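Asks: Below is one structure. I have some questions about it.
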Amino acid sequence: MKKIECIIRPEKLEEVKDALNQLGLKGMTVSQVMGCGLQKGKTEYYRGVEININLLPKIKIELIVKDSEVDRIVDTIVKVARSGKIGDGKIFIYNVEDAVRIRTGEKGENAI
Numbered sequence: 000m001k002k003i004e005c006i007i008r009p010e011k012l013e014e015v016k017d018a019l020n021q022l023g024l025k026g027m028t029v030s031q032v033m034g035c036g037l038q039k040g041k042t043e044y045y046r047g048v049e050i051n052i053n054l055l056p057k058i059k060i061e062l063i064v065k066d067s068e069v070d071r072i073v074d075t076i077v078k079v080a081r082s083g084k085i086g087d088g089k090i091f092i093y094n095v096e097d098a099v100r101i102r103t104g105e106k107g108e109n110a111i
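First residue of the sequence shown: 0, per numbering that gives the first Met the number 0; consecutive thereafter.
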């Protein structure tokens, strides 16, 4: 099993969710997060005063999937979330040793 963790632009969330639902994914965790990367934040003006904002709002989506589904899911997320501009986000993939469904006690891939 793998954990796919992706950081995307907030405005791309609904498109990514719809695309993942079309792939038949049953569950995901979505969090609102703040961060910066190559973008290094942005400068805005409020009442004529320059304000540097170095942590930008992002969305983090976490998925636990079978090894065989990883490439298809990652390709879909990249295709849907890409705008071609700095700040599109990142995808991280981790190994998951085990999973347990609390309600039934099922383990491994049966728990996801």
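Glycine is no exception: its CB is placed at the ideal position from the N, C-alpha and C atoms. None of the values given here were measured: they were computed from a predicted structure.
Should K1 and K65 be called a contact, given that it needs their Cβ atoms to be closer than 9 Å?
Replies: In contact: K1 and K65 (Cβ atoms closer than 9 Å).
Asks: I believe V69 touches I3 by the beta-carbon criterion, under 8 Å. Please report the beta-carbon distance rounded to the nearest angstrom.
Replies: The Cβ separation is near 7 Å, so the contact holds.
Asks: State the CB to CB distance for the pair V79 and E14, rounded to an integer number of angstroms; the pair is presumed to be in contact (CB under 8 Å).
Replies: Rounded, the Cβ-Cβ distance is 5 Å, consistent with contact.
Asks: Answer yes or no: do K89 and G36 have a C-beta to C-beta separation smaller than 9 Å?
Replies: Yes; because the gap between Cβ atoms is below 9 Å, this pair is in contact.
Asks: Going by the DSSP bridge assignment, what does N94 pair with across the sheet?
Replies: Note: N94 sits in a beta bridge opposite K1.
Asks: Under 7 Å Cβ to Cβ from Q31, same chain only, skipping five residues before and after it: list those, please.
Replies: For Q31, where only same-chain residues beyond five positions count, the Cβ hits under 7 Å are P56 and I58.
Asks: List the endpoints of the continuous beta strand (DSSP E) containing K78.
Replies: Not the beta strand (DSSP E): K78 falls in the alpha helix (DSSP H), residues V69 to A80.
Asks: If you drop the 5 nearest sequence neighbours on each side, which residues of the same chain put their C-beta closer than 7 Å to that of C22?
Replies: The residue you asked about is not Cys; residue 22 is Leu in the sequence shown. Within the same chain, L22 has close Cβ partners R71, I72 and T75.
Asks: Tell me which residues share the same chain as A18 and place their Cβ nearer than 6 Å to its Cβ, disregarding the 5 neighbours each side in the sequence.
Replies: Cβ neighbours of A18 beyond the five flanking positions: T75 and V79.
Asks: So, for E61: in the same chain, excluding its five sequence neighbours on each side, which residues have a beta-carbon less than 6 Å away from its beta-carbon?
Replies: Result list for E61: E4 and T28, in chain order.
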